[in-house]
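Asker:
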């Protein structure tokens, strides 16, 4: 305590003598502060006092700031910092004070950034690059002296310093070279040099301390990361996302092979940063507006996303294969997180690229005639209908694939993700696709709206089939099957109703379009045509509901599914109520007669077939 207090008083005295009273000039004050810093280090070594060493370190870094004249002296400043770092790191090595390594590294980074913010100019690029390279090599060799040569096992903080040092150094070097106007070959070559440097460190660690798996694998990971970065930069790819993805995978591999949890946790954080970078930078930066000749899935953002997805998939596989050194809870949670993240990114990429494909066609066709506007031979609404169907089809198919894989691999989280995506697709179809049900360009059944509903019905049917056949699914989760059956039939009924109503509604719209917007429907003939179309629409709905209800009742009896029979009875009851309370009120006499006859015939046929199937089932049970 006395030594620390004395050193602090000396620092303050020298500062006051120079800055407040001008008793000594700047060079003398600088030499005196250097002497105090040297004394602090010697006292710390002599008395084994880490606190005194830290005080000397802080005073050493504050000396250039306290005695600054405002004039740039880059060579003198960085030479002083390099000598200070070397002295402090030497003390830390002999006294095993690892905290001094991190404090001196932080001080060096802050001093460099502070100088660059005030004094850096483009003409100082090479000198700056040389000095930060010296700092990088100095701190990169720490693990060699602390761990490799002494055969002392490394810890997670050794790897943390290695990663921080390499990341900050290459980021600064890339910024310097780019600001100086060098093309991609310069930073790519620099990344290759860094990769070669870490390869040499790996060889040293492998030769002298082969049993230190954490440090050895960390060197391998760093070498692979920078080699990949060099290739990505040279090929003008999105190297930041790619580099972070590879770095995260290497950190995870190191953590799994060495049994250390810190690299594994850091890997998940880097994966998160890479995913956010792709979403915030790559996705909008390389959309259809900014890329000439945009091709879905064959563009820069797709490639960087593919690398990230591949890294996440590899990470999930590494977690699944790892049996030793990782707890079951971490293996399950982290592996699931990586799998979900990979699928979320794949889904986002497919959606963005598909949407951008249509947006680009719209963008390129700006100024062309409305008819055939987007190269599909469709109007504006027809083009939008095609886009919405394409997106709905993508979402439905991807959700069904997740569900299928989740059932086959007994992966519960993927099953839930598949259901969530199917629900999202269902909401979208009702909110957007269904608005085109009466489009004039629709052919009955063969149109995008009906196809979107058909895909959803098939997806829900697939889910019911998968859940019925797989015995590994628990009873609590199997309770969703009745909900799926109801959803599939509701979707099918809505789709058929939309087709029936849409056909006549489009003809009604065509009648109005034929006479023009300013026409007043005073003609009895025109009014009669509209009424006939409306009556035909209501009749077709009643007939279609009755037929669907009858088919559902027979299917429920054949397959012995009580839920289908209850749904059929509810639909037939609804159809009967519609005929009595709606059709009788609005339909003409001819349509009323037809409606009653058709409904009666359908109910009789359903009753006959139902009794027939019930009789056959009873005979089969007796045999």
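Residue numbers (this note's numbering): 235 to 857. We put the CB at the ideal spot given by N, CA and C, even for glycine. Because the structure is a prediction, the values reported are computed rather than measured.
If residue 341 sits next to residue 295, beta carbons under 8 Å apart, how far is it from one beta carbon to the other, in whole angstroms?
Answerer: Taking the chain shown and counting its residues from 1, the one referred to as residue 341 is at position 107. Taking the chain shown and counting its residues from 1, the one referred to as residue 295 is at position 61. Sure, about 4 Å apart at Cβ, within 8 Å.
Asker: Just how far apart, CA to CA, sit residue 726 and residue 696?
Answerer: What you label residue 726 is simply residue 492 of the chain shown in a count that begins at 1. What you label residue 696 is simply residue 462 of the chain shown in a count that begins at 1. Computed Cα separation, rounded: 14 Å.
Asker: So what does DSSP say about residue 887, is it helix, strand or coil?
Answerer: Outside the modelled stretch of the chain, which goes from 235 to 857, sits residue 887, for which no answer is possible.
Asker: What whole-angstrom Cβ distance do residue 546 and residue 576 have, given they're in contact under 8 Å?
Answerer: Here residue 546 refers to the residue found at position 312 of the chain shown. Here residue 576 refers to the residue found at position 342 of the chain shown. So it is a contact: roughly 4 Å between Cβ atoms.
Asker: Is the CB-CB distance between residue 640 and residue 646 below 8 Å?
Answerer: Counting from one through the chain shown, the residue named residue 640 turns up at place 406. Counting from one through the chain shown, the residue named residue 646 turns up at place 412. Against a cut-off of 8 Å, the Cβ pair of residue 646 and residue 640 comes out as a contact.
Asker: Could you name the residues of the same chain whose beta carbon sits closer than 6 Å to that of residue 568, not counting the 5 residues immediately before and after it, in chain order?
Answerer: The sequence position of residue 568 within the chain shown is 334, counting from 1. Around residue 568: 553.
Asker: Name the residue from 517, 479, 521 whose alpha carbon lies nearest to the alpha carbon of residue 864.
Answerer: Because the chain is modelled from 235 through 857, residue 864 falls outside the range shown and cannot be assessed.
Asker: Between the Cα of residue 802 and the Cα atoms of 256, 787, 534, 808, which residue gives the shortest distance?
Answerer: Reading the chain shown from its first residue, position 568 is the one you call residue 802. It is 787 whose Cα lies nearest to the Cα of residue 802.
Asker: So which of 454, 389, 404 has the shortest CA-CA distance to residue 368?
Answerer: The residue labelled residue 368 in the question sits at position 134 within the chain shown. With distances taken between Cα atoms, residue 368 lies closest to 404.
Asker: Please name the residue in 642, 588, 777, 401 whose C-alpha comes closest to that of residue 482.
Answerer: Position 248 of the chain shown holds residue 482. Out of 642, 588, 777, 401, 401 has the C-alpha closest to the C-alpha of residue 482.
Asker: Taking the Cβ atom as the reference point for each residue, do residue 494 and residue 448 lie within a distance shorter than 8 Å?
Answerer: As a position in the chain shown, residue 494 is number 260, starting the count at 1. As a position in the chain shown, residue 448 is number 214, starting the count at 1. The answer is yes: Cβ separation under 8 Å.
Asker: Along the chain, where does the alpha helix (DSSP H) that runs through residue 792 open and close?
Answerer: Locating residue 792 in the chain shown gives position 558, counting from the first residue. 758–792 is the span of the alpha helix (DSSP H), which, as asked, contains residue 792.
Asker: Assuming residue 729 and residue 688 are in contact, meaning their beta carbons sit under 8 Å apart, how far apart are those beta carbons, in whole angstroms?
Answerer: The residue labelled residue 729 in the question sits at position 495 within the chain shown. The residue labelled residue 688 in the question sits at position 454 within the chain shown. Rounded, the Cβ-Cβ distance is 7 Å, consistent with contact.
Asker: Going by CA-CA distance only, name the one from 461, 792, 278 that's closest to residue 324.
Answerer: Residue numbering aside, residue 324 sits at position 90 when the chain shown is read from its first letter. The candidate whose alpha carbon is nearest that of residue 324 is 278.
Asker: What does the alpha-carbon distance come out to for the pair residue 557 and residue 703?
Answerer: Taking the first residue of the chain shown as position 1, residue 557 is located at position 323. Taking the first residue of the chain shown as position 1, residue 703 is located at position 469. So the alpha carbons of these two residues sit roughly 31 Å apart.
Asker: Hey, residue 742 and residue 767 are a contact pair by Cβ (cut 8 Å); roughly how many whole angstroms apart?
Answerer: Reading the chain shown from its first residue, position 508 is the one you call residue 742. Reading the chain shown from its first residue, position 533 is the one you call residue 767. That pair is a contact at about 5 Å.
Asker: Around the C-beta of residue 520, are 16 or more other C-beta atoms found within 10 angstroms, so that it is buried, or is it exposed?
Answerer: Here residue 520 is taken as the residue at index 286 of the chain shown, counted from 1. By the 10 Å Cβ count, residue 520 comes out buried.
Asker: Measuring CB to CB, does residue 356 end up less than 8 Å from residue 413?
Answerer: Mapped onto the chain shown, residue 356 falls at position 122. Mapped onto the chain shown, residue 413 falls at position 179. In this structure, residue 413 lies closer than 8 Å to residue 356 by Cβ.
Asker: Checking 8 Å against the spacing of the C-beta atoms, do residue 668 and residue 629 come in under that value?
Answerer: Start at 1 with the first residue of the chain shown, and residue 668 comes out as number 434. Start at 1 with the first residue of the chain shown, and residue 629 comes out as number 395. Result no, Cβ atoms of residue 668 and residue 629 do not sit closer than 8 Å.
Asker: Among 467, 381, 502, which residue has its Cα nearest to the Cα of residue 450?
Answerer: Reading the chain shown from its first residue, position 216 is the one you call residue 450. Of the listed residues, the one whose Cα sits closest to residue 450 is 381.
Asker: Within the same chain, show all residues whose beta-carbon is closer than 7 Å to that of residue 517, passing over the 5 residues directly before and after it, in chain order.
Answerer: By 1-based counting over the chain shown, the position of residue 517 is 283. So the qualifying residues of the chain are 535, 586.
Asker: Along the chain, where does the alpha helix (DSSP H) containing residue 421 start, and where does it finish?
Answerer: Counted from its first residue, the chain shown places residue 421 at position 187. Unbroken alpha helix (DSSP H) run through residue 421: 419–442.
Asker: Keeping to the same chain, check which residues put their C-beta closer than 8 Å to that of residue 311; ignore five residues upstream and five downstream.
Answerer: Translated into positions along the chain shown, residue 311 becomes position 77. Hits under 8 Å: 298, 345, 349.
Asker: Which residue comes first and which comes last in the alpha helix (DSSP H) that contains residue 711?
Answerer: Residue numbering aside, residue 711 sits at position 477 when the chain shown is read from its first letter. Looking at the DSSP string, the run of the alpha helix (DSSP H) that includes residue 711 is 709–712.
Asker: Would you say residue 514 and residue 468 are within 8 Å of each other, going by their C-beta atoms?
Answerer: Along the chain shown, read from residue 1 onward, the residue named residue 514 stands at position 280. Along the chain shown, read from residue 1 onward, the residue named residue 468 stands at position 234. The answer is no: Cβ separation not under 8 Å.
Asker: Among 708, 690, 740, which residue has its Cα nearest to the Cα of residue 724?
Answerer: For the purposes of this step, residue 724 is identified with residue 490 of the chain shown, where counting begins at 1. Cα-wise, what sits closest to residue 724 is 690.
Asker: Helix, strand or coil, according to DSSP, for residue 384 in the structure here?
Answerer: As a working mapping, residue 384 is identified with position 150 in the chain shown. Residue 384 falls in the coil class under three-state DSSP.
Asker: Just the C-alpha distance for residue 624 and residue 572, rounded to the nearest angstrom, thanks.
Answerer: In the chain shown, residue 624 corresponds to position 390, counting from 1. In the chain shown, residue 572 corresponds to position 338, counting from 1. Answer to the nearest angstrom: the Cα atoms are 28 Å apart.
Asker: Between residue 543 and residue 579, is the Cβ-Cβ spacing less than 8 Å?
Answerer: For this step, residue 543 is matched to residue 309 along the chain shown. For this step, residue 579 is matched to residue 345 along the chain shown. Against a cut-off of 8 Å, the Cβ pair of residue 579 and residue 543 comes out as a contact.
Asker: Within this structure, are the beta carbons of residue 439 and residue 453 separated by less than 8 Å?
Answerer: The sequence position of residue 439 within the chain shown is 205, counting from 1. The sequence position of residue 453 within the chain shown is 219, counting from 1. Yes.
Asker: Give the single residue among 281, 444, 396 whose Cα lies nearest to the Cα of residue 457.
Answerer: One-based indexing of the chain shown puts residue 457 at position 223. When each option's Cα is compared against that of residue 457, the closest is 396.
Asker: Keeping to the same chain, check which residues put their C-beta closer than 7 Å to that of residue 335; ignore five residues upstream and five downstream.
Answerer: Stepping through the chain shown from its first residue, residue 335 is reached at position 101. So the list reads 323, 326, 376, 395, once near-sequence residues are dropped.
Asker: Using alpha carbons as the reference points, say which of 627, 621, 655 lies closest to residue 637.
Answerer: The count along the chain shown starts at 1 and reaches residue 637 at position 403. Nearest option by C-alpha distance: 655.
Asker: Put residue 375 into one of helix, strand or coil per three-state DSSP.
Answerer: Counting from 1 along the chain shown, the entry for residue 375 is found at position 141. Correct three-state label for residue 375: coil.
Asker: By alpha-carbon positions, which one of 287, 353, 561 ends up nearest to residue 321?
Answerer: Locating residue 321 in the chain shown gives position 87, counting from the first residue. For residue 321, the nearest C-alpha among the options comes from 287.
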